[in-house]
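Numbering (my numbering), first residue to last: 1 to 755.
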C-alpha cells in the first residue's frame, strides 16, 4: 500500500511537469518575440526616410480616383481574432520596460507613423517620425491617412513604438508600449503590409492626445495632412462588428452599381433570402459609428483619393458612395423587397433603422465643402462656418469642442492654417483651436460671430449644439439649445442659413449683444480680427480682447401675444391611430361645416403655408384640405396616416397635401394667443414646439426670420428662456412692420434678456 507522501507525489508531479512545459514554451515564445523586437527596431532604423511618389491609381471620375485592390490590400485573409491582451503581451510589455512617451513637436512639424511588415496575427511594431508640414504640402510623401471611428473609450491593445529622429539627432531605438483602442488596433493590422513598411498618419498616434496644447496646434494642420496623403483609408471595422457579417457586401455593391441588375433587385416578386441577407449586411455596415462621426466630413472632403476597408475587404470610395446613394434613393423600394420576404417573420431588417438623413448629409458634405480640380486638388472653399455647423448637426464628436473644431478650417470665412515664419499673419479665425477653453465661451463666440457676419439672429434657433455631455455638465443658455427643443420635428421653420423662406422681422436691423461677465478674461490669442475681412460687418470698437460670456443674450423685439390655449397637434393612441385632435381643429377655426370649407388660416397653418420643398403653399391646397375634412373621424379628429398613405383611397393631391401636414405638425403643438398689439383683430393661431405651455409668449425678435416662443424664468421675471420656433399665421412675412416708420417701430419694440 502506497504511503500518503507517495500518493501526493504521484498526484502532484504530473501537474508540476505540465506547468514546467508551459513555462518553457512561454519562455521560448518570449525569446522569439525578443528576436522579432530586435528585427523590428532594425527595420525601423532602415526606414527613417519616408518614401515618395507612389502612383497606384488610375483616373476615375473628376476629383476622385479608383484603385487596384491589390495595391490596397496589405493584409492576408485570416480568421484569427485577438479580442483580449494575451499573456505574451504581458511578457512583452515587461520586456519593453516602460510606456511610450512623446517627444515635443515644433509648431511647424507633424508626425508620421511607420509600421513594420507583419502578418495579421503578429504584434504591431512601429515608429514615429517628425517631419515638417511644409515638406508634406510641397513634396507629397508616400503615406496614407486613416479615417476611422475611435470606438469604446477603454484602450485594450498594445502597440510597440520608438522614435525615428533626424540624422543628426540621437535615435531612440528602445521599443515602448502604448495602449490603443480595439478598432484602431485592427485597422493597423489590416493596413500593415506583410513585406514592406507602411507609412500612415493616424490622429490617435501621431498627436499626443494627452496634451491639449499639442492638439490645439495640430488640429489646424489636418486639412493639409489629409489632402497631401496619396490615399485616405476609411476603416469601418472588423467583420462581425455590431452583429453583422460583411461577406456578401462586395457582390451586392456590384449588383447595385449595375443599373440593369438594380432594376431586378427592386422587384419584390424577384426577392430572395440571399438578397435580403445581403441588404441586411450592407445596412448593418452603414450603421457603424464611422458614418455618424463629425471628423469624417473633413477627412473625406479633403482627400484626393479614398478607399473603404471593412474586415479583409477593400472597395473604392467611388463605388461604395455610389452604391450607398443608389440604396438611399431607392430606400422605400428596398424596404418593400425585404417586407416581401420577411412578412411572416418577427425580426426587423436593419434597412428599417438606417439613418437616411445622416447618410445623405454625409454624401452631400463630401462633395459640397470644396470646389476641386479634376485631379482632386482643392480650388476653393464653398460653405461658410454657420452653414457647415448646421449641416453637420446630426454628426457626433467625443469632445464638445470638436463640434466647432472639426469643421473650423473647412469654412470659406475662416482662414486656413498658416505655418510659422517671419511673414506669418493673423488668421481671420474667430477663435483658435484651444482645447483648454471653456465650452460655453467657445460656443458663445460662435453665436456672436454668426450674428455679426450674417446680421441675423437665426443662429439661436439652429440645431447645432447636440453634444449630450455639454447639456449635462454645463449650464447651457437656452438660446444654444435649438437641437433639444426641436427634436423630432420633420421640418424646421428656420431653414438653412441664408435660405430661410420666411421673413418675420422684415429685415429690420438686428439689435443683439452677448453679455460678458466681469469675472475672468479670455486670452488675446483666443480671438483674432483683421482688416482682411472683405467687408467688416461690425464696428472696429468691438475688436477688443473679449471677456468671459455669462450666458445672457440682450436683444430687442415685439411680443405678439400670450398663449391662452395649447394642445399637441398630433395625437397617437391604439384606438384612434394618428390624428389631429378636434381641439386643435377648433382652435384653427374649424366649425365642422363641410359646405363652408376650411378658413384660410386653417389650411395654411396645417402646412405652415409651405410645400414639402419649402415653396409658398399653392392655392389648390385649400381644395385638398376641404376634401380631407370630409373624412373627420368619429372623435372629431383629422386622420393623418390613412389620408397621407400613397396609393390609398384618397385622390393623389389630397395625399400630397396630407403628407405635408404630417411634416408640419410632427412633434408640434397648435396654440391660440391673445394679441398684445392690434388687440381688436381677434386671437392669433399657429404652430409651436411640443412642450409649449399656457402663458408662454409669442415674440418676433429683430433679426430673426421666424417668430419665437419665450417662457418667463421662474426665478426672475426679467429673464426669458427660448422654447423654440413658431409659425404664426399672418405674421411670417413681417406684416407687423409693414408701412411703419423707423420711429414707430422703435416705440413698438421692447428689450429682452434671454438666458
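For each residue, glycine too, the CB sits at the ideal point set by N, CA and C.
Predicted model, so just to flag it, every value in this text is computed and none were measured.
Spatial neighbours of residue i in its chain, beta-carbon cut-off 6 Å, leaving aside the 5 residues before and after
i: residue 460; result: 479
i: residue 456; result: 703
i: residue 325; result: 363
i: residue 317; result: 306 and 308
i: residue 506; result: 734 and 737
i: residue 411; result: 384, 385 and 388
Residues that residue i bridges to, as DSSP identifies them
i: residue 199; result: 114
i: residue 235; result: 148 and 309
i: residue 756; result: Here the chain has residues from 1 to 755 only, and residue 756 is not among them.
i: residue 592; result: Its beta-bridge partners do not exist; DSSP assigns none.
i: residue 255; result: Looking at the DSSP assignment, residue 255 forms no beta bridge with any residue, so it has no partner.
i: residue 669; result: 568 and 688
i: residue 724; result: 709
i: residue 109; result: 132
i: residue 561; result: 675 and 698
i: residue 180; result: 157
Exposure of residue i, with buried meaning 16 or more beta-carbon neighbours within 10 Å
i: residue 190; result: buried
i: residue 124; result: buried
i: residue 308; result: buried
i: residue 696; result: buried
i: residue 609; result: buried
i: residue 618; result: exposed
i: residue 590; result: buried
i: residue 231; result: buried
i: residue 546; result: Unreliable positioning characterises residue 546 in this predicted model, as indicated by a pLDDT of 44, which lies under 50. A coordinate reading is not provided.
i: residue 682; result: exposed
i: residue 731; result: buried
i: residue 678; result: exposed
i: residue 196; result: exposed
i: residue 744; result: exposed
i: residue 665; result: buried
i: residue 630; result: exposed
i: residue 651; result: exposed
i: residue 441; result: buried
i: residue 569; result: buried
i: residue 221; result: buried
Cβ-based neighbour list, residue i, same chain, cut-off 7 Å, excluding 5 preceding and 5 following
i: residue 790; result: The chain is shown only over 1 to 755; residue 790 falls outside these bounds and no answer can be derived.
i: residue 224; result: 133, 136, 137 and 417
i: residue 599; result: 589
i: residue 686; result: 605, 671, 726, 727, 728 and 729
i: residue 217; result: 107
i: residue 323; result: 253, 256 and 257
i: residue 513; result: 554
i: residue 214; result: 105, 207 and 208
Inter-residue CB distance, residue i and residue j (contact presumed, cutoff 8 Å)
i: residue 564; j: residue 673; result: 6 Å
i: residue 394; j: residue 358; result: 5 Å
i: residue 464; j: residue 397; result: 12 Å between Cβ atoms; not a contact.
i: residue 558; j: residue 749; result: 6 Å
i: residue 287; j: residue 350; result: 6 Å
i: residue 738; j: residue 660; result: That belief does not hold up - the Cβ atoms of residue 738 and residue 660 are roughly 27 Å apart, past 8 Å.
i: residue 127; j: residue 164; result: 5 Å
i: residue 204; j: residue 290; result: Not really, about 14 Å apart at Cβ, beyond 8 Å.
i: residue 144; j: residue 233; result: 5 Å
i: residue 113; j: residue 202; result: 6 Å
i: residue 566; j: residue 669; result: 5 Å
i: residue 115; j: residue 200; result: 7 Å
Neighbourhood of residue i by C-beta, 8 Å cutoff - its chain only, sequence neighbours within 5 removed
i: residue 73; result: For residue 73, the predicted structure reports a pLDDT of 41, less than 50, and the residue's modelled location is therefore unreliable. A value from the coordinates is still provided. For residue 73, where only same-chain residues beyond five positions count, the Cβ hits under 8 Å are 312 and 314.
i: residue 109; result: 130, 131, 132 and 133
i: residue 562; result: 673, 674, 676, 695, 696, 697 and 698
i: residue 356; result: 328 and 331
i: residue 361; result: 391, 392, 394 and 395
i: residue 294; result: 392, 395, 396, 397, 402, 403, 406 and 407
Short CB-CB distance (under 7 Å) between residue i and chain B
i: residue 233; result: Among the chains of the structure shown, chain B does not appear; only one protein chain is present.
Task: Ranges of the alpha helix (DSSP H) found wholly within the stretch 495-522, counting only runs of at least 4 - done: none
Task: Ordered list of beta strand (DSSP E) runs contained in the stretch 696-722, each at least 3 residues - done: 697-701 and 708-712
- [ ] Please specify which runs of the beta strand (DSSP E), each continuous and at least 3 residues long, are wholly inside the stretch 311-378, giving them in chain order.
- [x] 313-316 and 370-372
TODO: List in chain order: all unbroken alpha helix (DSSP H) runs of 4+ residues lying wholly within the stretch 600-654.
DONE: 600-606, 621-628 and 641-644
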